[in-house]
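Structure first, commentary second.
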Amino acid sequence: MLTIRNAREDEAGLLTQIGLRAWAQAMGAIGGSDALQESALSAFSNFVQSSWLTITVIEDNGIVAGWAAREGLDETISDFWIDPDHQRRGLGAALIGEVEKEIVHQGFETARLETHAHNTDAVSFFEKSGYAVNWLSVAYAPKLDQDVQSVGMSKQLVEPQARAYGQEF
Numbered sequence: 356m357l358t359i360r361n362a363r364e365d366e367a368g369l370l371t372q373i374g375l376r377a378w379a380q381a382m383g384a385i386g387g388s389d390a391l392q393e394s395a396l397s398a399f400s401n402f403v404q405s406s407w408l409t410i411t412v413i414e415d416n417g418i419v420a421g422w423a424a425r426e427g428l429d430e431t432i433s434d435f436w437i438d439p440d441h442q443r444r445g446l447g448a449a450l451i452g453e454v455e456k457e458i459v460h461q462g463f464e465t466a467r468l469e470t471h472a473h474n475t476d477a478v479s480f481f482e483k484s485g486y487a488v489n490w491l492s493v494a495y496a497p498k499l500d501q502d503v504q505s506v507g508m509s510k511q512l513v514e515p516q517a518r519a520y521g522q523e524f
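Position in the sequence shown (first residue = 1) + 355 = our numbering.
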């Protein structure tokens, strides 16, 4: 049974570990070092400890299996992580659907996110969820000592209302 709920402050360590495992899997196509892994651990830990109020958690039969965050509580999904041991079971689809409902409920019409272009699993997942690539950028990442491509993606969540001829704006 899937349960989607708000994160709790006492789950920071668990959410850090889930994020780190999912991140490590995603980094496979990009590469990384022990120093980068340590940096990622610190970044995840700091983020979940300071921003747990912006995190939505998904549980699979009572086990926390993933989480998503909207750091700015706006239309941008800043983080989306499903533990590799729980992937390909529909958890990501359920979680993204709930986050999209929250975005619409808070008055936004479009959901936005960014991911590494070479994280083909993530790009494919978001495309299957109705997201389209809007931009591609390349930036040098000193910690990786290489250029990294990122894609920005978005999904229209609310259809624009058609206006009748002569209707005032």
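Where is the CB? At the ideal position from N, CA and C, for every residue including glycine.
By alpha-carbon positions, which one of the options ends up nearest to residue i?
i	options	result
I451	D434, V403, L375	D434
F399	G427, E514, G374	G374
A496	L370, E457, L391	L391
H471	A379, L357, G417, G462	A379
D476	M356, M382, R360	M382
V454	N401, I410, F402	I410
Taking the C-alpha atoms as reference points, what is the distance between residue i and residue j?
i	j	result
T431	R467	5 Å
A362	Q501	35 Å
E366	G417	13 Å
A517	E464	15 Å
S406	G462	21 Å
E469	G507	4 Å
R443	T358	16 Å
L446	L428	22 Å
G368	N489	34 Å
E482	Q404	30 Å
A423	S479	17 Å
M356	Y520	49 Å
A449	H473	24 Å
G421	V412	6 Å
E457	R425	10 Å
V419	A487	29 Å
E393	F402	14 Å
V515	D389	Per the sequence presented here, residue 515 reads as Pro, with Val not at that position. C-alpha separation (whole angstroms): 47 Å.
Kindly list the residues whose CB is nearer than 8 Å to the CB of residue i, restricted to its own chain and excluding five residues on each side of it in sequence; keep chain order.
i	result
A494	D502, V503, S505
G485	K510
L576	This structure does not reach residue 576, given that the chain is present from 356 up to 524, and the question cannot be answered.
For the alpha helix (DSSP H) holding residue i, just list the boundary residues, first then last.
i	result
A398	389-406
Just to confirm my understanding: we take residue i, look at its own chain, exclude 5 residues before and 5 after, and list those with CB closer than 7 Å. What are they?
i	result
A377	W436, I437, D438, P439
V459	L512, V513
E364	W407
L491	A472, Q504, V506
H353	Because the chain spans 356 through 524 in this model, residue 353 falls outside it and cannot be assessed.
Hey, could you find the ends of the beta strand (DSSP E) residue i is sitting in?
i	result
G529	For the chain, the structure presents residues 356 to 524; residue 529 sits outside this window and is missing.
Who are the near neighbours of residue i in its chain, counting only those whose CB is closer than 6 Å to its CB and skipping five residues on each side?
i	result
R360	V412
| field | Ordered list of alpha helix (DSSP H) runs contained in the segment 425-478, each at least 4 residues | value | 446-460
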